[in-house]
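Colleague: Each protein sequence line maps, in turn, to chains D and P. Start counting the first sequence at 1457; every next residue gets the next number (the numbering used here). Start counting the second sequence at 7; every next residue gets the next number (the numbering used here). Okay, handing you the structure first.
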Amino acid sequence: MASVARLVDSRVLIPLRLLGLTALAFVAVGAFLLLFGRNPIEAYGVIFKGAFGSGYGLSEVVVRAIPLMLCAVATAIPARMGLLNVGGEGQLHGGAMAATWGALTLGALPRGALLPGLVILGLLGGAAAAFVPAFLRWAAGVNETISTLLLNYVIVLLVEYMVRGPWKDPMSYNWPFTPEFPESARLSFYWGTRIHAGLWFALVAITLFYLALRRTRWGYEIRVIGDNPDAAARAGIPLGRYVLLTMCVGGALAGLAGMAEVCAIQSRLRPGISTGFGYTGFLVSWLALHHPLGIVVMALLLGVLSVGGDMVQISLGLPYATVNIIMALIFFVVLGGRFRKSRSG
Amino acid sequence: MLAMLQSVLGGGIRAGTPILYATLGEVISERAGVVNLGVEGGILVGACAGFITTAHTQNPMLGIAAAALAGGLAGLVHAFMVVTLRSNQIASGLALMFLCLGVTSFVGRPYVAVKINAVPQASVPGLSRLPLVGTVLFTHDVLVYGAYLLAPLIWLLLFHTKWGLALRAVGERPAVAYASGLPTSLIQYGAVVSGGVLSGIAGAHLSLAYARSWVEGMSNGRGFIAVALVIFATWHPLRSVVGAVVFGAVFALQLQIQARGVALSPYFLDMTPYLLTLVGLLLMGRARRHAMPEGLRAVFEGVT
């Protein structure tokens, strides 16, 4: 009986409580909007209609959810062993830069060879960005939260430098961006929308994460470390190697998100390719309790908010920050909601 | 050369002031066993609240008070999350940072191009005329002097009073402190809220004295640098001063180099404070980790 109760607790009650607490965050933001003389019902109406009112809105939710899913997995994999990777933003830009280098220098290759190459470059760029904090953690015990946060600033500044310096489009009249990528470096779009092949990357990454976590020794050992690092160390699990592995695999996936943004949505590198996808992806992972399926759901939910944020900006003149406040409050209530760390994969 | 050195050091003291306030606040908080990455957010709400108050009242002193209050409130949120609800300290700090970033971008938007009365400059009579160091040390705004008086004050409080002893006991061995009858939760609340107040004042210096304007996200990672500085300073208020001046000098040197038209990309210059922090953390390694309050070990070193 106890086990049935526990099953009900984790399968039904946790999602229910999550939902209830999320509603609480919306009420709080509603009160905040009222305080500033704005109509919260109207604002929520615009967010809802913006995301669900049209096929275009719905497709844009998926477009936003793609980098969010990848960046969330980038957070979730290290989080399963107790590491806090807040470097999704930097790793995304690392992947975007590596892919940009490929698109600008290997553009003569046929599409069938170039695109897989760019995928690999995106993965490598993100992994390289994550290797630095992983190495610092492994070699000198440097807290990875601080190092990933600091590196975000560095990598975004590096992008700024590249698009205004070595990679600047000579025809751009001083706009800071690279030349447009050749056709052969572009990911396909589907269904007449901006939904692009990055969707498959994200879904494959989440599926592999799910399977690796449950069906492989890696996943098992990562979960053991997450539950009890001391016991794991005593059992001979090489903690240091897993620090490097989980951080770099996570970073690689965030890098892939960056590659998809430049190769599909932007078709060039420019500052602002990410509207905080790395940070929002971090929230997605925490709201999903680092659970693969939860990540899909939460990425879509925050995708709705992100599209809605654009809409309240356009039609109500409210700042985009409105939805950032909602997201932060949801994070707070979930954190404070005393969810036990889910133990069973 | 001398003039440049003087202006870099003087600028370093000015630019280092927000970092020093934030670092001192974080020292208090971490000595009581609570890491607060939300200082980044505390700086933002302080900068924003201070700026808005000053814009409406034209009185920067009221602005500083509002900044302290706002920072204290931010600290209170973190204290509630980690002391009362026992949430993950790092995650709660980040949540606080996100919340403050959102709220200040929302509330501060109408104030972006507004002009204000800056915190008054006050040369210290007599001392500011000293040769060489006079202008470097004694021609600043009042918040700068406040920071440098605060550091020894906090040192006295932490290491030479009963309060300080109790606070450090909570940070080292919370269970023992609790068993010996100390009100551990109350002490942690006090420490985190005090840290928040100081992060708010850090923000006030940023928007009311240093930049004299409000820009969305203007803290730009200074809070995270402060958290790292606490480690360099081995959780010691007086050593924090050295670190803050060094970082301030890096910010000041940036302006100097740009003003002199040296052919170095401003983007690389902007990276230096963050890179310097990372290199510092690497070099420190595990060497001085023994100074870490015992209660933080679980927070900072969950794995390995």
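The beta-carbon is built from N, C-alpha and C at its ideal position, and this holds for glycine as well. These numbers come from a predicted model, not from an experiment.
Please list the partners that residue 94 of chain P has in chain D, where partner means a Cβ-to-Cβ separation under 8 Å.
Modeller: Near residue 94 of chain P (Cβ distances below 8 Å), the residues of chain D are 1791.
Colleague: Could you tell me which chain D residues have their CB closer than 7 Å to the CB of residue 276 of chain P, listed as they occur along the chain?
Modeller: What residue 276 of chain P touches in chain D: 1613.
Colleague: Indicate the three-state DSSP secondary structure (helix, strand or coil) for residue 1652 of chain D in the structure shown.
Modeller: It is a strand residue.
Colleague: Starting from residue 129 of chain P, trace the alpha helix (DSSP H) in both directions and tell me its first and last residue.
Modeller: No alpha helix (DSSP H) holds residue 129 of chain P; the beta strand (DSSP E) holding it covers 127-129.
Colleague: Can you confirm whether the region 7-26 of chain P touches the region 172-187 of chain P when touching is taken to mean that 3 or more C-beta pairs between the two stretches lie within less than 8 Å?
Modeller: In short, these stretches do not touch, since the Cβ pair count stays below three.
Colleague: Could you check what DSSP says for residue 1788 of chain D in three-state terms: helix, strand or coil?
Modeller: Correct three-state label for residue 1788 of chain D: helix.
Colleague: Let's test the definition: count the other Cβ atoms within 10 Å of the Cβ of residue 305 of chain P and tell me whether it reaches 16, buried, or not, exposed.
Modeller: It counts as buried.
Colleague: If you drop the 5 nearest sequence neighbours on each side, which residues of the same chain put their C-beta closer than 7 Å to that of residue 1562 of chain D?
Modeller: Cβ neighbours of residue 1562 of chain D beyond the five flanking positions: 1570 and 1573.
Colleague: Can the beta-carbon of residue 253 of chain P be found closer than 8 Å to that of residue 235 of chain P?
Modeller: Contact flag set, yes.
Colleague: Rounded C-beta distance between residue 122 of chain P and residue 26 of chain P? I'm assuming under 8 Å.
Modeller: Residue 122 of chain P to residue 26 of chain P, Cβ: 22 Å. No contact.
Colleague: For residue 146 of chain P, which three-state DSSP category applies?
Modeller: Strand.
Colleague: Look at residue 80 of chain P and residue 48 of chain P and say whether their C-beta atoms are less than 8 Å apart.
Modeller: Contact: yes.
Colleague: Answer with buried or exposed for residue 8 of chain P, where buried requires no fewer than 16 other C-beta atoms within 10 angstroms of its C-beta.
Modeller: With fewer than 16 Cβ atoms within 10 Å of its Cβ, residue 8 of chain P is classed as exposed.
Colleague: So which residues of chain C does residue 253 of chain P contact, with C-beta pairs closer than 7 Å?
Modeller: Considering every chain present, this structure includes no chain C. Its protein chains are D and P.
Colleague: Using a 10 Å radius around the Cβ and a threshold of 16 neighbouring Cβ atoms, would you call residue 1634 of chain D buried or exposed?
Modeller: So residue 1634 of chain D counts as buried.
Colleague: Give the range of the alpha helix (DSSP H) segment to which residue 92 of chain P is assigned.
Modeller: Premise fails: residue 92 of chain P is in no alpha helix (DSSP H) and is neither H nor E.
Colleague: Measuring CA to CA, which of D:1486, D:1515 and D:1548 is closest to residue 1738 of chain D?
Modeller: Nearest C-alpha to residue 1738 of chain D: D:1548.
Colleague: Just checking my contact of residue 141 of chain P with residue 16 of chain P at CB under 8 Å: how many whole Å lie between their CB atoms?
Modeller: Rounded, the Cβ-Cβ distance is 6 Å, consistent with contact.
Colleague: May I have the straight-line CA-CA distance separating residue 237 of chain P from residue 1516 of chain D, to the nearest angstrom?
Modeller: Taking the straight line from one Cα to the other gives about 44 Å.
Colleague: Label residue 1540 of chain D either buried or exposed according to how many other C-beta atoms from any shown protein chain fall within 10 Å of its C-beta, with 16 as the threshold for buried.
Modeller: By the neighbour-count rule (16 or more Cβ atoms within 10 Å), residue 1540 of chain D is buried.
Colleague: I want to see whether chain P comes within less than 8 Å of residue 1646 of chain D, judged by CB atoms only; does it?
Modeller: So no, residue 1646 of chain D is outside the interface.
Colleague: Might you give, ordered along the chain, the residues of its own chain that have their beta carbon closer than 6 Å to the beta carbon of residue 1518 of chain D, omitting 5 neighbours on each side?
Modeller: 1651.
Colleague: Report yes or no: is there a C-beta of chain D within less than 8 Å of the C-beta of residue 311 of chain P?
Modeller: Absent from the model: residue 311 of chain P. The displayed extent of chain P is 7 to 310, so no value can be given.
Colleague: I need the straight-line Cα distance from residue 1681 of chain D to residue 1605 of chain D, nearest angstrom please.
Modeller: Taking the straight line joining both Cα atoms gives about 23 Å.
Colleague: Give a yes or no on whether the minimum CB-CB distance between residue 1622 of chain D and chain P is below 8 Å.
Modeller: By this cut-off, residue 1622 of chain D is not an interface position.
Colleague: By the DSSP assignment, the alpha helix (DSSP H) with residue 120 of chain P in it spans what residues?
Modeller: Where residue 120 of chain P is concerned, there is no enclosing alpha helix (DSSP H), given that its DSSP letter is neither H nor E.
Colleague: If the cut-off is 7 Å on Cβ atoms, which residues from the region 77-90 of chain P count as contacting chain D, listed in chain order?
Modeller: Residues passing the 7 Å Cβ filter: 87.
Colleague: Runs of 4 residues minimum, wholly inside the region 1572-1636 of chain D: which ones carry the alpha helix (DSSP H) assignment?
Modeller: Whole alpha helix (DSSP H) segments, 4+ residues: 1600-1620.
Colleague: Closer than 7 Å by beta-carbon distance: list the chain D residues that pair up with residue 108 of chain P, in chain order.
Modeller: Ordered by position in chain D, the residues that pass the 7 Å Cβ test against residue 108 of chain P are 1777, 1780, 1781 and 1784.
Colleague: Considering only residues of the same chain and omitting the five flanking positions on each side of residue 107 of chain P, which have a CB-CB separation below 7 Å?
Modeller: Closer than 7 Å at Cβ, skipping near neighbours: 47, 50 and 223.
Colleague: Under 8 Å between C-beta atoms, does residue 1763 of chain D make it to chain P?
Modeller: With 8 Å as the cut-off, residue 1763 of chain D does not count as an interface residue toward chain P.
Colleague: Applying a beta-carbon distance threshold of less than 7 Å, which residues of chain D neighbour residue 306 of chain P?
Modeller: Those within 7 Å of residue 306 of chain P in chain D are 1599.
Colleague: Would you kindly work out how many angstroms separate the C-alpha atoms of residue 233 of chain P and residue 1694 of chain D, rounded to a whole number?
Modeller: Their Cα atoms are separated by approximately 29 Å.
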